[in-house]
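All remarks here apply to the structure that follows.
Numbering (UniProt numbering), first residue to last: 1 to 553.
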């Protein structure tokens with residue numbers, strides 16, 4: 001399999017990308033057959049659910065605000081059901097580190113001292129074929145303790161003893177992202193099924209033997225029917241490998257505005273496999289902008305940096321999340337602190353650490369059982385905060401937050417948000433958007449910009465805010481109307497300031513950015529046009545010219 005240059009087809013499964021080293025270890029005939037069964041059993045429903053997303057967005061754009069569902073009221077009102085008890089290795093999640101599954105990050109995350117590593121195949125990972133396959137290899141190599149890494153500067157990275165390593169929780173791609181390098185019966189498979197299926201097939205028994213299990217984070221879910229689809233995939237996958245039902249555990253990211261109205265229903269659908277919910281704050285803000293972008297001033301947010309977790313609609317979201325989780329025996333995991341330390345700048349480093357400390361202190365006080373950081377230097381900060389609140393307990397599941405009243409109006413009370421739109425905020429959105437996309441095109445889906453960790457979610461906020469401000473003719477703090485022409489002038493100026501380098505992808509990044517931020521149409525995700533144009537290798541087996549520079553071999 002490692003030598004083909006044209007499409008390679010076996011049992012209706014076609015691989016269209018140039019193969020990479022050790023690919024045959026991942027894409028074994030049995031593994032491909034397993035993934036194909038998952039795909040064939042669910043492809044029709046996935047397409048129906050993606051269409052339902054579009055229909056829901058159209059309803060919202062026409063003025064229909066989301067509300068708690070009347071048809072699932074019995075689920076919310078039934079006091080008796082609970083999710084499965086915490087699985088081995090998931091009883092204590094006080095600090096979770098997130099990051100892509102490249103070799104260096106894999107070792108750093110596993111050595112970080114965190115309780116959980118979110119091994120990310122989604123928003124912090126560019127889905128090039130090389131990254132998809134290499135990520136699978138790195139995870140298996142880590143579980144087998146045969147992973148190591150030497151940097152160009154000669155620094156060696158090796159794993160700590162097994163007892164000191166965090167529990168691995170893999171985040172596959174969301175339902176919207178196809179894997180166009182793997183066709184089944186001529187149709188691209190869902191990227192999430194590739195990521196989940198290959199990891200589960202190769203590692204489920206290995207994980208169980210190590211006293212843990214196959215655990216997952218589920219991204220971008222928009223309603224309880226999408227959670228039901230994942231649950232059915234879990235049941236099928238466990239049956240196919242003769243693994244006991246309930247072995248898989250999944251934590252769902254509540255990172256779309258519509259999912260926030262169905263938190264208990266999502267837990268109910270996954271109840272035998274549910275581990276908790278996570279407050280995916282950045283995608284949540286993006287989802288709100290995306291859904292309400294044409295609804296006028298009532299839904300216009302201030303500068304990205306002013307949309308903090310203390311804004312009323314964000315407080316409603318996080319407090320209702322903790323209440324929903326603990327009512328059902330599920331973990332509530334706090335959001336990503338975007339600030340990253342800067343070891344070269346003591347002052348900036350101190351500011352970043354204090355921002356993270358304040359963020360985690362608020363979450364711990366609200367009843368969250370743990371939270372996310374994006375950098376190993378922040379693990380001790382998060383752990384210290386939660387240690388102080390937990391006081392020897394593994395979690396806060398007993399804090400039921402019955403003082404919180406479920407309130408669907410509060411979830412979209414954007415009008416109470418304080419703050420302003422500034423010219424600097426516009427310029428920052430332009431710079432961050434272009435710089436992030438440029439990095440993504442070179443194969444790096446997580447990048448620190450101005451001491452903040454940017455991933456696809458934060459870049460989505462940047463571009464969608466610009467689109468909404470232009471559409472709404474929003475007014476800045478100085479009384480200027482945000483027009484397309486003005487933003488285009490600022491884009492020219494900000495683009496000219498960018499530090500260029502040999503092999504950079506800034507020209508391509510600007511093309512994508514203009515399409516997703518300034519176009520008449522609003523692509524649902526910026527990664528979709530970027531993937532189609534620059535990451536997807538041609539179906540005849542020849543690579544597009546751009547793909548050769550995506551990531552070093």
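For every residue, glycine included, the Cβ atom is placed at its ideal position computed from N, Cα and C.
Practice task
Would you list, in sequence order, the uninterrupted beta strand (DSSP E) runs of no fewer than 3 residues that lie entirely inside the UniProt domain "Malate synthase C-terminal" (421-533)?
Solution key: 447-449 and 452-454
Problem - Whether residue 267 touches residue 328 by CB criterion (8 angstroms) - result: yes
Handout entry: 7 angstroms CB neighbourhood of residue 116 in its chain, flanking five on each side removed
Key = 93, 96, 166, 167 and 169
Problem - Three-state secondary structure assigned by DSSP to residue 20 - result: coil
Handout entry: Distance between residue 364 and residue 389 (C-alpha atoms, nearest Å)
Key = 7 angstroms
Practice task
Report buried or exposed for residue 58, applying the criterion of at least 16 other Cβ atoms within 10 angstroms of its Cβ.
Solution key: exposed
Practice task
Could you check which residue in 232, 18, 274 and 455 has the C-alpha nearest to that of residue 250?
Solution key: 274
Problem - Sequence-distant residues of the same chain with beta carbon closer than 6 angstroms to residue 359, five excluded per side - result: 337
Problem - With 16 other Cβ atoms within 10 Å as the buried cut-off, status of residue 7 - result: exposed
Exercise for the section: Kindly list the residues whose CB is nearer than 8 angstroms to the CB of residue 463, restricted to its own chain and excluding five residues on each side of it in sequence; keep chain order. Expected result: 429, 433, 513, 516, 517 and 526
Problem - Whole beta strand (DSSP E) elements within the segment 96-169, 3-residue minimum - result: 116-120, 148-150 and 156-158
Handout entry: Selected residue, minimal CA-CA separation from residue 333, among 366, 305 and 531
Key = 366
Problem - alpha helix (DSSP H) segments (min. 4 residues) lying fully within the segment 258-316 - result: 263-269 and 281-292
Problem - Contact set for residue 9: own chain, Cβ-Cβ below 7 angstroms, skip 5 residues either direction - result: none
Exercise for the section: Under 6 angstroms Cβ to Cβ from residue 201, same chain only, skipping five residues before and after it: list those, please. Expected result: 31 and 34
Problem - Bounding residues of the alpha helix (DSSP H) (the contiguous stretch that carries residue 9) - result: Taken as a continuous stretch (DSSP letters only), residue 9 belongs to no alpha helix (DSSP H), being part of the beta strand (DSSP E) at 8-10.
Exercise for the section: Would you grab the beta carbon distance between residue 478 and residue 400 for me? Rounded to a whole angstrom, and I think it's under 8 angstroms. Expected result: Rounded, the Cβ-Cβ distance is 47 angstroms, inconsistent with contact.
Exercise for the section: In angstroms with no decimal places, state the Cα-to-Cα distance between residue 307 and residue 372. Expected result: 18 angstroms
Exercise for the section: Use the C-beta contact count for residue 17: other C-beta atoms within 10 angstroms, 16 or more gives buried, fewer gives exposed. Expected result: buried
Practice task
Return the Cβ separation of residue 27 and residue 15 in integer angstroms, given the expectation that the two are a contact with Cβ distance under 8 angstroms.
Solution key: 7 angstroms
Handout entry: CB of residue 385 within 8 angstroms of CB of residue 353, strictly
Key = no
Exercise for the section: May I have a chain-ordered list of the alpha helix (DSSP H) segments no shorter than 4 residues that lie completely inside the segment 23-95? Expected result: 23-26, 29-61 and 73-77
Exercise for the section: Starting from the C-beta of residue 376, find all residues in its chain whose C-beta is less than 6 angstroms away, skip the five residues before and the five after it, and write them out in chain order. Expected result: 108 and 112
Exercise for the section: Pull up the DSSP beta-bridge partners for residue 14, would you. Expected result: 9 and 183
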